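Chemist: First residue of the sequence shown: 732, per this note's numbering; consecutive thereafter.
Beta carbons are placed, not taken as given, at the ideal position from N, Cα and C, and that holds for glycine.
Note that this is a predicted model, so its numbers are computed, not measured.
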Amino acid sequence: MGRKIGQDHDLSALMQLAQAGDAWAYSMLLNLLTPLLDDMIRRRLRFLQPQDVNDLVQDTLLSVHAARATYDASRPFLPWLAAIARNRMADRPPVRPPLSA
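Have a look at this one:
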């Protein structure tokens, strides 16, 4: 749990800097979010092909970009990110899991 709290604090700090116009912080934030989102999406949608996961990660990063002004630094970052990711996963076109042989 301590790691998540520290990670949330670090991501929140980067987002605050990014909101203030710090391009380096924004780039760093997106680089850190990519593997987090990849893991989150793979765990929830195990049947997706790797390219579909990558597409969904990119769509989610675009949504984070579009919603970055809505992040409230007085609240935890990871639940904000998870809500965006859940919405993107729910919005994706239906994909049927592969049939077992």
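Thinking C-alpha only, which one of Ala798, Pro810, Arg799 and Ile772 is nearest Arg823?
Modeler: The candidate whose alpha carbon is nearest that of Arg823 is Ile772.
Chemist: On the three-state DSSP scale, how would you describe Asp803?
Modeler: Asp803 falls in the coil class under three-state DSSP.
Chemist: I'd like the ranges of any beta strand (DSSP E) spanning at least 3 consecutive residues and lying wholly in the segment 746-782.
Modeler: Listed in chain order, there is nothing to give.
Chemist: What is the DSSP secondary structure of Arg817, counted as helix, strand or coil?
Modeler: Arg817: helix per DSSP, three-state reduction.
Chemist: For the segment 797-806 and the segment 771-789, state whether three or more C-beta atom pairs, one from each stretch, are separated by less than 8 angstroms.
Modeler: The segment 797-806 is not in contact with the segment 771-789.
Chemist: Tell me whether Pro824 sits in a helix, a strand or coil according to DSSP, three-state version.
Modeler: In this structure, Pro824 counts as coil in the three-state DSSP scheme.
Chemist: Which word fits Leu793, buried or exposed, when buried means at least 16 other C-beta atoms lie within 10 angstroms of its C-beta?
Modeler: Result: exposed.
Chemist: Here's a check: name, in chain order, each residue in its chain whose Cβ is nearer than 7 angstroms to the Cβ of Ala749, leaving out the five neighbours to either side.
Modeler: So the qualifying residues of the chain are Ala756, Tyr757, Leu760 and Arg799.
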